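Chemist:
Numbering (my numbering), first residue to last: 72 to 351.
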């Protein structure tokens, strides 16, 4: 199966140079990180669509939710789906709503890479606001190592980089000649199937398949404001450490939070942030 995907990928790259871009492979990743509120490692599933010139990294549920919300009709239907899944009625007739039961978006990260433009764009939620920023794709400089590993059937080579305040080790598959990977990882002579750093950060490929899906642009781009990366990360830290006070001031009331960890430590960028360089 791996040889088939590799052969198809090589042919498609040769045939589609200069043509309209579609994804040629789809990769599923398990992503782990240290949750600052609980100080435990938590995970989610992310997807990478990649072709010779572009890639798109996202969460499947978030993409579906954003697609639905991009039209008035879809937004109304999504609200109905969520309410049907989350609302329960007791025998006495009282109604309760638990958003954890429904298809509610809670991952906001999207990353778009374009090799021809040498551009990377990240969309996310910072300090409660929808934002995006751009950076050049040459920010990530790699040193290829002697170590190898087999990841989902592909022989991978290790490489290291210091990127925005954190030291990363990644494993790429030379037989899959695409310079992309999970999150913002890029720039190696093969698809990145795993990347890890201290503090529990880990991106690991769990499956790969050929596809012809279109890499659609960002839904509702106009709802996002352009920001400076370091400034956005610093504001997100302040928001995390003062969330209750900020929200109460915004709404002029005494908002009660279900998970109000009065004894939780302050947000520590070196421990919890993917990119702690904003503290420098």
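Just so it is clear, CB atoms sit at the ideal spot from N, CA and C, and this is done for glycine as well.
Since this is a predicted model, take the numbers as computed values, not measurements.
Output the distance between the C-alpha atoms of residue 323 and residue 210, rounded to the nearest integer angstrom.
Modeler: 43 Å
Chemist: Using only CA atoms, which one of 301, 285 and 296 lies nearest to residue 134?
Modeler: 285
Chemist: Shortest alpha-carbon distance to residue 98 belongs to which of 117, 110 and 321?
Modeler: 117
Chemist: Taking only runs of the beta strand (DSSP E) that begin and end inside the stretch 180 to 210, which ones reach a length of at least 3 residues, in chain order?
Modeler: 181 to 185, 190 to 197 and 200 to 207
Chemist: Report the rounded CA-to-CA distance for residue 137 versus residue 253, giving the unit in angstroms.
Modeler: Rounded to the nearest angstrom, the two C-alpha atoms are 20 Å apart.
Chemist: Which same chain residues end up closer than 7 Å to residue 146 when comparing Cβ atoms and leaving out the 5 residues on each side of it in sequence?
Modeler: 139 and 140
Chemist: Which residue from 199, 239 and 185 puts its Cα closest to that of residue 214?
Modeler: 239
Chemist: Taking all protein chains shown into account, decide if residue 143 is buried (16 or more other Cβ within 10 angstroms of its Cβ) or exposed.
Modeler: exposed
Chemist: Apart from the five residues just before and just after residue 341, which ones in its own chain have a Cβ nearer than 7 Å to its Cβ?
Modeler: 347
Chemist: Cα-Cα, which of 150, 125 and 157 is closest to residue 172?
Modeler: Measuring C-alpha to C-alpha distances from residue 172 to each of 150, 125 and 157 identifies 157 as the nearest.
Chemist: Please confirm if the stretch 112 to 129 is in contact with the stretch 169 to 188, defined as three or more CB-CB distances below 8 Å between the two stretches.
Modeler: yes
Chemist: May I have the straight-line CA-CA distance separating residue 301 from residue 160, to the nearest angstrom?
Modeler: 46 Å
Chemist: Could you check where the alpha helix (DSSP H) with residue 309 kicks off and where it finishes?
Modeler: 300 to 312
Chemist: Please classify residue 107: does DSSP put it in a helix, a strand, or coil?
Modeler: coil
Chemist: Quick test of the definition: if touching needs 3 or more C-beta pairs under 8 Å, does the stretch 255 to 271 touch the stretch 222 to 241?
Modeler: Here the stretch 255 to 271 lies against the stretch 222 to 241, with 3 or more beta-carbon pairs under 8 Å apart.
Chemist: At the level of alpha carbons, what is the spacing between residue 249 and residue 257?
Modeler: 9 Å
Chemist: For residue 87 and residue 221, what's the separation of their Cα atoms in angstroms?
Modeler: With a pLDDT of 46 at residue 87, under the threshold of 50, the modelled position of that residue is not reliable, and the figure given next carries that caveat. Those two C-alpha atoms are separated by around 29 Å.
Chemist: Just how far apart, CA to CA, sit residue 272 and residue 104?
Modeler: Going by the C-alpha atoms only, they are around 5 Å apart.
Chemist: Measure the alpha-carbon distance for residue 307 versus residue 162 and round it to whole angstroms.
Modeler: Distance between the alpha carbons of residue 307 and residue 162 is about 43 Å.
Chemist: With three or more beta-carbon pairs closer than 8 Å as the criterion, would you say the stretch 193 to 211 touches the stretch 281 to 300?
Modeler: yes
Chemist: State the beta-bridge partners of residue 240 as determined by DSSP.
Modeler: Residue 240 is bridged by DSSP to 231 and 267.
Chemist: On the CB-based measure, 16 or more other CB atoms within 10 Å of its CB, does residue 130 come out buried or exposed?
Modeler: buried
Chemist: How far does the alpha helix (DSSP H) with residue 279 in it reach, from first residue to last?
Modeler: Taken as a continuous stretch (DSSP letters only), residue 279 belongs to no alpha helix (DSSP H), being part of the beta strand (DSSP E) at 272 to 281.
Chemist: Can you give me the start and stop residues for the alpha helix (DSSP H) that residue 155 sits inside?
Modeler: 143 to 157
Chemist: Give a yes or no on whether the C-beta atoms belonging to residue 305 and residue 343 are separated by under 8 Å.
Modeler: no
Chemist: Evaluate residue 321 with the Cβ neighbour count: other Cβ atoms within 10 Å of its Cβ, from every protein chain shown; 16 or more gives buried, anything less gives exposed.
Modeler: Around the CB of residue 321, fewer than 16 other CB atoms lie within 10 Å, so the residue is classed as exposed.
Chemist: Identify, in the order they occur along the chain, each residue of the same chain with its Cβ nearer than 7 Å to the Cβ of residue 353, setting aside the five sequence neighbours on each side.
Modeler: No answer is possible for residue 353: the residues shown for the chain start at 72 and end at 351.
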